Each structure stands twice: as structure tokens, then as C-alpha cells.
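Quick note on numbering: our numbering labels position 71 of the sequence shown as 74, and the sequence is numbered without any gaps. Down below is the structure, laid out as C-alpha cells.
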Amino acid sequence: MLLLCRSLISKNEWITFALEVFFRLEENRDSIFCFRVVASSFLNTNVKSNSNSLCLNPSPENFSPNAFTYNNDGINDFFEFYGSYPKSIRVKISNRWGQIVYESDQINFKWDGTNVQSGLNCPQDSYTVDFIIERHDESVHKTRKSLTLIR
């Protein structure tokens with residue numbers, strides 16, 4: 004955007020200048036978004052002034068369902084994590100006796116209700132899910148939730 008402005012220098016003297024305002028949205032590898040304003044002179048395009056940068060690190064939007072049905076109908080057949088900006092993730096799913104039936108460190112994991120140790124289908128029941136999510140700013144978030152497997 005280019006704004007033409009007039010500014011009073013002295014009682015009878017005005018200067019006309021242009022103020023170019025724009026922002027550049029940069030997403031770096033750490034998912035931090037930075038903005039700044041650049042003002043440039045209309046009379047001398049080599050004269051520019053940069054504002055301070057404002058950088059935002061968006062809060063993660065994390066979601067995982069609290070139930071799923073592995074019955075091959077194409078609807079909610081897997082337990083998955085839906086999140087924004089995780090650097091890494093670790094998930095452990097335990098049965099009611101605390102035995103780990105599934106674990107992964109893949110961000111795009113999909114659990115189909117199979118016990119990874121025995122290879123057998125886990126029964127319809129409630130399970131405990133523990134997430135450890137590391138963000139790009141090195142903060143670590145631990146979450147525990149309940150999950151129902153419906154057969």
C-alpha cells in the first residue's frame with residue numbers, strides 16, 4: 004500500500020513523502036510468524052526505515068478424538084492426532100491395567116486398535132492415552148486423556 008502524505012516542516016513549508024506500508028508473512032522452520040512495516044521516502048527511494056519486527060509463535064491447536072471404531076466402515080477407523088506445529092510427539096496407549104498396547108513417536112501415527120506386542124485386536128474398552136508434545140520453541144506439553152475403543 005502506498006500512502007501519499009504531507010507534513011508541515013515549518014510555518015509555510017510542506018514536504019510531500021510516500022509511506023509504503025506492507026507486511027511480509029514469513030513462516031520459518033520453527034513455525035514462528037514475523038511482521039514488520041517498511042517506510043520509504045517518496046523523494047528518495049533509497050531512504051527506508053524498518054519498524055521493529057513482531058514475531059508470533061501460535062499456540063498449538065491439538066485435537067485427538069475420545070473414541071474410535073475400527074470396523075472398516077471408513078469413519079473413525081483409526082485413532083489419530085491432529086495438531087499444529089509439533090516438533091515431535093510421543094504417544095503411549097495403555098489398557099486399564101497399565102499395560103502398553105501401542106506407542107509411537109511418529110507425528111502422523113494411526114492406531115487401529117491392535118496390541119503392538121501380541122498383534123491381536125484390543126477389546127472394546129477404555130484406554131489411557133499419554134501424549135508428550137514438543138513444540139519448536141522447545142516447550143514440552145504432557146497430556147493424559149481417556150480413549151474408548153468401540154468394536
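The beta-carbon is built from N, C-alpha and C at its ideal position, and this holds for glycine as well. Values in this document were obtained by computation on a predicted structure and should not be read as measured data.
Phe71 (DSSP reduced to helix, strand or coil): strand
Put Leu150 into one of helix, strand or coil per three-state DSSP. strand
Euclidean distance between Cα positions of Gln102 and Phe71: 20 Å
Rounded straight-line distance, which links the Cα of Asn47 to that of Lys90: 45 Å
beta-carbon Val119 near the ligand ADP non-hydrogen atom, thresh 7 Å: Summarising the ligand content, the structure contains no ligands, and the ligand ADP is consequently not present.
Only counting the same chain, and skipping five residues up and downstream in sequence, which positions put a Cβ closer than 6 Å to that of Ile92? Ile110 and Ile136
Using the Cα positions of Tyr73 and Ser107, report the straight-line distance between them to the nearest angstrom. 18 Å
Let me know if Val50 comes out buried or exposed under the rule of 16 or more other beta-carbons within 10 Å of its beta-carbon. exposed
From Gly122, Asn98 and Lys148, residue whose alpha carbon lies closest to that of Asn65: Lys148
Around the Cβ of Gly77, are there at least 16 other Cβ atoms within 10 angstroms (buried) or fewer (exposed)? exposed
Can you say whether Asp140 is buried or exposed, counting buried as having 16 or more other CB atoms within 10 angstroms of its CB? exposed
Mind listing, in chain order, the continuous beta strand (DSSP E) runs of no fewer than 3 residues lying wholly within the segment 65 to 146? 70 to 72, 89 to 97, 103 to 107 and 128 to 138
Please confirm whether Phe134 and Thr117 have their CB atoms less than 8 Å apart. no
Rounded to whole angstroms, what is the Cα-Cα separation between Pro68 and Leu59? 28 Å
Report buried or exposed for Phe158, applying the criterion of at least 16 other Cβ atoms within 10 angstroms of its Cβ. With the chain covering 4 to 154 only, the question about residue 158 has no answer from this structure.
What's the C-alpha gap between Asn79 and Arg138? 27 Å
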